[in-house]
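Adding 4 to a residue's 1-based position in the sequence shown gives its number in our numbering.
Quick reminder that beta carbons are idealized off the backbone N, C-alpha and C, glycines included.
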Amino acid sequence: MFSRKKPSDDSSATDAAADAAAIEQSVGKGRPTPTRKQSQAANKRPLVPDDRRAAAKADREKKRAVRDREYQAMQTGDEKHLPYRDQGPVRRYIRDYVDARWNVGEYFLFLAMAFLVITLFSNQAPALALGAILGLYVVVLIAIIDAFIMWRTLKKRLVATFGAEKLIRGTALYAIMRAFQIRRARLPKPQVKHGEFPA
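Following this line, the structure appears as structure tokens:
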């Protein structure tokens, strides 16, 4: 007779639903999930920046910094910042081998300049000019043969050291073009002396 009145089933169900709603509201993110269209719109960036002049200046500065870093790497032989065409152990091996060798092609430019000087006096000494032309052709032929022999020997070394799969297209041209450059003008700078062939 003095006992408490038990709550009805309806009131307990209502209280449980209210508690669940409160828990869900406190745990949830409090905002609706954005649609895919809204997410893509938020991630869009303009193709043309607002300040085109400032963007172009920043791009030029960035490219200049990359060029300066690459040029410094070509002077010091830093493999990390070399241009892409000069990177890798195969290209380093080629450079060291060519630089350690006495190449006929590296003297070709000097001989060509001497030939131009001689041709200036071709009217006074036609025999001398003819001899210079023949001599230039002989030097060109010898330089081509020397470059061919150099590449055959270098190719065998590269296959023995790195495997045949590392001889990608352009490797022979890379070696021959370097052999025809004046040693002081080569970039990257030679890192070995004459006779110091790579192992």
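Taking the C-beta atoms as reference points, P194 is found no nearer than 9 Å to Y97. For A60 and R71, the gap between their C-alpha atoms comes out near 16 Å. In the displayed model, P93 falls within a helix according to three-state DSSP. Under the DSSP assignment, V196 falls outside any alpha helix (DSSP H); it carries neither an H nor an E label. Listed in chain order, the non-local C-beta contacts of E200 below 7 Å within the same chain comprise A104, local neighbours out to five positions each way being set aside. Taking a C-beta distance under 9 Å as the contact criterion, A116 and S126 do not qualify as a contact pair. In the structure shown, P130 adopts helical secondary structure according to DSSP, grouped into three states. Fewer than three pairs of CB atoms, one per stretch, sit closer than 8 Å, so the segment 129 to 145 makes no contact with the segment 82 to 98.
Under the three-state reduction of DSSP output, Q185 falls in the coil class, being neither helix nor strand. D100 is the residue among D100, A136, R73 whose C-alpha sits nearest the C-alpha of L162. Nearest to L120 by alpha-carbon distance, out of G135, W106, E110, is G135. For L124, there is no enclosing alpha helix (DSSP H), as DSSP marks it with neither H nor E. At least 9 Å separates the beta-carbon of V108 from that of F166.
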